[in-house]
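Just below is one structure, and these are the notes that go with it.
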Amino acid sequence: MADQVDDANAINEVMLNAQLSNRTTELLPATGKCLNCFEPIEGDLRFCDADCRDDHKKREFMKHGR
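In structure tokens:
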């Protein structure tokens, strides 16, 4: 038989799954320049390479704490 902790965990799991399915991913706009180092790039790219992408991601994480 399930106890109160099991019931609470089941409720939390349902709520977490609902929150995860409702989240949206915001795409950064393609501007023709790297969003990290501002070098010109072609196409609908946001960053000139993985290093710039990672640097930008780390900086945003530190700025917003998420």
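With my numbering applied, the sequence shown covers 129 to 194.
Even glycine gets a Cβ: it sits at the ideal position worked out from N, Cα and C.
Label residue i either buried or exposed according to how many other C-beta atoms from any shown protein chain fall within 10 Å of its C-beta, with 16 as the threshold for buried.
| i | result |
| --- | --- |
| Ile139 | exposed |
| Phe166 | exposed |
Distance, Cα to Cα, residue i vs residue j?
| i | j | result |
| --- | --- | --- |
| Lys179 | Glu141 | One detail in the question is off: residue 179 reads as Asp in this sequence, not Lys. So the alpha carbons of these two residues sit roughly 35 Å apart. |
| Met143 | Asn150 | 11 Å |
| Asn137 | Ala146 | 14 Å |
| Asp177 | His192 | 23 Å |
| Ile169 | Arg181 | 13 Å |
| Leu156 | Val133 | 41 Å |
Using a Cβ-Cβ cutoff of less than 8 Å, which residues in the same chain neighbour residue i once the five nearest sequence positions on both sides are dropped?
| i | result |
| --- | --- |
| His184 | Leu163, Asn164, Phe175 |
Which residue marks the beginning of the alpha helix (DSSP H) containing residue i, and which one marks its end?
| i | result |
| --- | --- |
| Glu141 | 132 to 150 |
| Arg181 | 178 to 192 |
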